[in-house]
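If you're matching positions, the sequence shown starts at 1 in the UniProt record's numbering and goes up one per residue.
Just so it is clear, CB atoms sit at the ideal spot from N, CA and C, and this is done for glycine as well.
Computed from a prediction, not measured in an experiment: that's the story for all the values here.
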Amino acid sequence: MPLLPRTAPPRRTDVTEQTERRVYDAAAAQERWQAYWAEHGTFAPADDGSRERRYVLDMFPYPSGDLHMGHAEAFVMGDVVARRLKLQGYDVMHPIGWDSFGLPAENAAIQRGSHPADWTYANIETQARSFKRYGLSLDWSRRLHTSDPEYYRWTQWLFLRFRERGLAYRKDSFVNWCPTDQTVLANEQVVQGLCERCGSVVTKRRLNQWYYKITEYADRLLDDMASLEGGWPERVLTMQRNWIGRSEGAYVDFAIERADGSRRSTPVRVFTTRPDTLYGATFFLVAPESDLAAELVDESRRGDLEAYVERTQQATEIERQSTERPKTGVFLGVHAVNPVNDERIPVWAADYVLADYGTGAVMAVPAHDQRDLDFARTFDLPVRVVVDTGAEDPAVTGVATPGDGRYVASPLLEGLSDKATGVRTIVERLEADGRGEGAVTYRLRDWLLSRQRFWGCPIPIIHCPSCGEVPVPDDQLPVRLPDLRGADLAPKGTSPLAAATDWVQVECPSCGGSANRDTDTMDTFVDSSWYFFRYCSPGYEGGPFDPEDVRRWMPVAQYVGGVEHAILHLLYMRFFTKVLHDMGLVDFEEPMRRLLNQGQVINQGKAMSKSLGNGVDLGAQIDQYGVDAIRTTVVFAGPPEDDIDWADVSPAGSLKFLQRAYRLADDVASEPGTDPAGGDLELRRTTHRCVAEVTMLLEDQRFNVVVARVMELVNATRKAIDSGPGAADPAVREAAEVVTVVLSLVAPYVAEEMWELLGHGPSVAEASWPVADPALLVAESVTCVVQVKGKVRGRLQVPPTIGEDELRELALADPGVQRALAGQAVGKVIVRAPKLVSIVPA
1 MPLLPRTAPP
11 RRTDVTEQTE
21 RRVYDAAAAQ
31 ERWQAYWAEH
41 GTFAPADDGS
51 RERRYVLDMF
61 PYPSGDLHMG
71 HAEAFVMGDV
81 VARRLKLQGY
91 DVMHPIGWDS
101 FGLPAENAAI
111 QRGSHPADWT
121 YANIETQARS
131 FKRYGLSLDW
141 SRRLHTSDPE
151 YYRWTQWLFL
161 RFRERGLAYR
171 KDSFVNWCPT
181 DQTVLANEQV
191 VQGLCERCGS
201 VVTKRRLNQW
211 YYKITEYADR
221 LLDDMASLEG
231 GWPERVLTMQ
241 RNWIGRSEGA
251 YVDFAIERAD
261 GSRRSTPVRV
271 FTTRPDTLYG
281 ATFFLVAPES
291 DLAAELVDES
301 RRGDLEAYVE
311 RTQQATEIER
321 QSTERPKTGV
331 FLGVHAVNPV
341 NDERIPVWAA
351 DYVLADYGTG
361 AVMAVPAHDQ
371 RDLDFARTFD
381 LPVRVVVDTG
391 AEDPAVTGVA
401 TPGDGRYVAS
411 PLLEGLSDKA
421 TGVRTIVERL
431 EADGRGEGAV
441 TYRLRDWLLS
451 RQRFWGCPIP
461 IIHCPSCGEV
471 PVPDDQLPVR
481 LPDLRGADLA
491 PKGTSPLAAA
501 TDWVQVECPS
511 CGGSANRDTD
521 TMDTFVDSSW
531 YFFRYCSPGY
541 EGGPFDPEDV
551 RRWMPVAQYV
561 GGVEHAILHL
571 LYMRFFTKVL
581 HDMGLVDFEE
591 PMRRLLNQGQ
601 VINQGKAMSK
611 SLGNGVDLGA
621 QIDQYGVDAI
631 RTTVVFAGPP
641 EDDIDWADVS
651 PAGSLKFLQR
661 AYRLADDVAS
671 EPGTDPAGGD
681 LELRRTTHRC
691 VAEVTMLLED
701 QRFNVVVARV
711 MELVNATRKA
721 IDSGPGAADP
731 AVREAAEVVT
741 VVLSLVAPYV
751 AEEMWELLGH
761 GPSVAEASWP
771 VADPALLVAE
781 SVTCVVQVKG
791 KVRGRLQVPP
801 TIGEDELREL
811 ALADPGVQRA
821 LAGQAVGKVI
831 VRAPKLVSIV
841 PA
């Protein structure tokens, strides 16, 4: 067994001898080994090329308070991976830092009358102590905080590089507005019409804001997911594909005819996935709050439109798009001209059309779209069937027919039934007439990154009356946040930075004239889109990271984080990586090879909540049971991706198991380095089968089953000690060492104590991963089940290599089989050597 023992230290003398049973002291072990790991830098990678490197990355913690039960699950999973890789001989980087800017810190500080920096950094220190207590194998030398000027200097530098590439820009548009946090939100931060931070109903405002042009990378973000299959959960890939939402169809140009018969100088372009239904378009819709609606509306109807816009803005985006909501709208007094038949169709403003999706205009085909049909029936507009699906007329039933079928009332397509041919025919006609073209669009919108709050990374732009937008020179970075202690930071709809006149008013770097800093700060998801690169080069002054450091360590071998970040964090970090690749800073396009999503820790079937009174305090649980028992409970509760109901688990049971495992090490009577070859063969087989299975289970991330297999080995070893060959048998030592090394992944403190009791030098984290002996994995015999007419009539112990003919003869000769046949002739014998024989009488 290649568990290479180190020089044996003296046995500990601060515990009683074996005349009195030793008991594992969790509190003492935690204090002792935390100090040892810190002093010896146990988990700092060598980074000297002596071993193959692996990078394990945990979710980026936010310092909202002390660690909670969710942290307990998320971080133990990454720790299992990191410790396993280290034991397998890899040089492992497992860093830690804090995502320390953001609204929660600012809001909490405002409520407490303190400064966000004071509240944030106090929480970071609290969490840091708890992380160390929790026994995580972290490299503390790489610690970072995104709110440190040394970090956000490079966030600003990257913003300027993105801007140089045309990927950071400012524009006027309707944006998501949180009335509680008084700031804009990216589309990804709106969940079912609510702010994902505070739960407030999100409204729309027209503002001038900064964006990252993530849509430029839509195709690559989609296509490159093929390389992540098998390494990332399929549900995360599906969520990203759906969010990007690639749609193939056509742009169609509609001329606009005014009330006096004149035409708009340029047509209005819409996107449709079904250009083949153009003959069924009977009206035209625009978003009521859009510039297009304000420009198209006839003056006689402008008052109606303005009143309608005011009503519309009181509804959420989700409400506006609901199929259940009664349809409302306003006729704008103008008509659109259908490009395939020159038919004039009325133009309406309707609230289920959104200004920031597509062009803010759509062609309405009511027979084949339910919302259009509901609108048409509300306002008595024509309904024309152009695809015969075999269903009844939608104008009569009120049920649209969006499916495929035979084209009707469509001169170019009459009689066709193939959708692909129909789409292609119409697109070719549009392109020939110069009235449209084939196109691809996306649900994905550019990433809105401006925030009207204080506690964030300042945007490094100066606004000059003469020069316009001027980037802050690189040698003047970082643009530091002003202190603003004692200032009113309460949200007011504009950034508190605007009131810091000494900070705002500066000289223009270009012309030297009077100018003003940009007073918005960046979305904190910008900070967390590149932090994993900085871990590779902590303290590097030549850029955000040293490309050579990144080349050595990345891509990340394993990332652990919640599925709630599938769209926000994970999509943004993929985007950043692709841009950095195009800048020549990294030589890969996907940052994480493998992704593990952990579930949630709930209680009594519900998410933990103070209002529900079902919260569980992690610190109190650790005080009562010890870190190892909590870690073991979390891992053993189920597969990592499943939720854990704390009401259904038993930390007390885990503690009993750990005490039982600890006593194994204390009972071993053979010397370190004893050759196990002469030991009890059955226990050795059990041990090596455990090693083989646990190794595969870890690769498959079935950590809960790993704990179950260790429990089984503990039981088998205890049986060998108490009623078998005894504690001096070398097979007992071998089994106890395997238990200790595997257990160190989950319960590191007790494993360190056990390793020392077994006579090895500290630390078990520096041991080697056990390797199963193939010869001990071969069973001497297996049980063969013999059935007669489907019922079990006998069990045979046979060699695993037995042939079919020999097995057939043994089965037919079995007394139980003879009794079941009762003299009947044998009709058929099915042999599945070595485990099954099925006999059917004639």
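Where Asn123 falls: helix, strand or coil (DSSP) = helix
Are Val330 and Asp356 closer than 7 angstroms when you measure CB to CB?
-> no
How many Å lie between Val826 and Ile839 at the Cα?
-> 7 angstroms
What is the DSSP secondary structure of Ile345, reduced to helix, strand or coil?
-> strand
Based on Cα-Cα distance, which residue from Arg206, Arg302, Trp348 and Cys464 lies nearest to Thr328?
-> Trp348
Relative to the C-alpha of Met59, which residue among Ser410, Asp79, Ala44 and Val739 is closest?
-> Asp79
Go ahead and pull the three-state DSSP assignment for Asp58.
-> strand
Where does Thr7 sit, in a helix, a strand or coil, going by DSSP?
-> Its pLDDT being 38, under 50, Thr7 is placed unreliably by the model, and nothing is read from it.
Using the C-alpha atoms, what's the distance from Ser64 back to Gln505?
-> 33 angstroms
Return the chain-ordered list of same chain residues with a C-beta closer than 6 angstroms to the C-beta of Ala29, the five sequence neighbours on each side being excluded.
-> Tyr749 and Glu753
Tell me, please, which residues DSSP counts as bridged to Asn597.
-> Gly561
Classify Ala315 as buried or exposed, calling it buried when 16 or more other Cβ atoms lie within 10 Å of its own Cβ.
-> buried
Helix, strand or coil at Leu612 according to DSSP, with G and I counted as helix | coil
Straight-line CA distance for Pro591 to Asn123?
-> 29 angstroms
From the DSSP output, in three-state form, read off Asp642 for me.
-> coil
Quick one: complete alpha helix (DSSP H) runs, 4+ long, within the region 418 to 448?
-> 419 to 433
Could you pull out every unbroken alpha helix (DSSP H) segment of at least 4 residues lying fully inside the region 523 to 559, listed in chain order?
-> 524 to 527, 531 to 534 and 547 to 553
When the Cα atoms are used, what is the spatial distance from Ala26 to Val738?
-> 21 angstroms
Do you know how far the Cα of His368 is from the Cα of Glu428?
-> 22 angstroms
How should Ile630 be labelled, buried or exposed, when 16 other C-beta atoms within 10 angstroms of its C-beta is the threshold for buried?
-> buried
Starting from Thr519, follow its DSSP beta bridges and name the residues at the other end.
-> Paired residues: none, contrary to the question.
Can you tell which of Asn341, Trp210 and Ile214 has the C-alpha that lies nearest to the C-alpha of Asp253?
-> Asn341
Cβ neighbour criterion (16 or more within 10 Å) applied to Glu289 | buried
From Gln797, Tyr352 and Ser670, pick the residue whose C-alpha is nearest to that of Arg325; which is it?
-> Tyr352
Between Tyr442 and Glu319, what straight-line distance do the alpha-carbon atoms span, to the nearest angstrom?
-> 22 angstroms
Is it right to say Lys204 is buried, meaning 16 or more other beta carbons lie within 10 angstroms of its own, or is it exposed?
-> buried
Quick one: is Ala35 buried, meaning 16 or more other Cβ sit within 10 Å of its Cβ, or exposed?
-> exposed
For the candidate residues Ser781, Pro473, Gly513 and Ala811, whose alpha-carbon lies nearest to that of Cys467?
-> Gly513
Whose C-alpha, out of Asn715, Phe545 and Pro339, is nearest the C-alpha of Val732?
-> Asn715
Closest by C-alpha distance to Lys171, when choosing among Asp483, Val396, Trp447 and Glu295 = Trp447
Exposure label - Ser763; buried when at least 16 CB within 10 Å | buried
Per DSSP, cross-strand counterpart(s) of Ala255 = Val337
What number of angstroms, rounded off, separates the C-alpha of Thr16 from the C-alpha of Tyr625?
-> With a pLDDT of 36 at Thr16, under the threshold of 50, the predicted position of this residue should be treated as unreliable, though the coordinate-derived value follows. Cα to Cα, the separation comes out at about 22 angstroms.
Check the DSSP bridge columns for Phe375 and list the partner residues they point to.
-> Paired residue(s): none; Phe375 is not in a bridge.
To the nearest angstrom, how far is it from the Cα of Glu588 to the Cα of Met225?
-> Here the sequence assigns Phe to residue 588, which means Glu is not the residue at that position. One C-alpha to the other measures close to 13 angstroms.
Would you kindly report the start and end of the unbroken beta strand (DSSP E) that includes Val184?
-> Thr183 to Leu185
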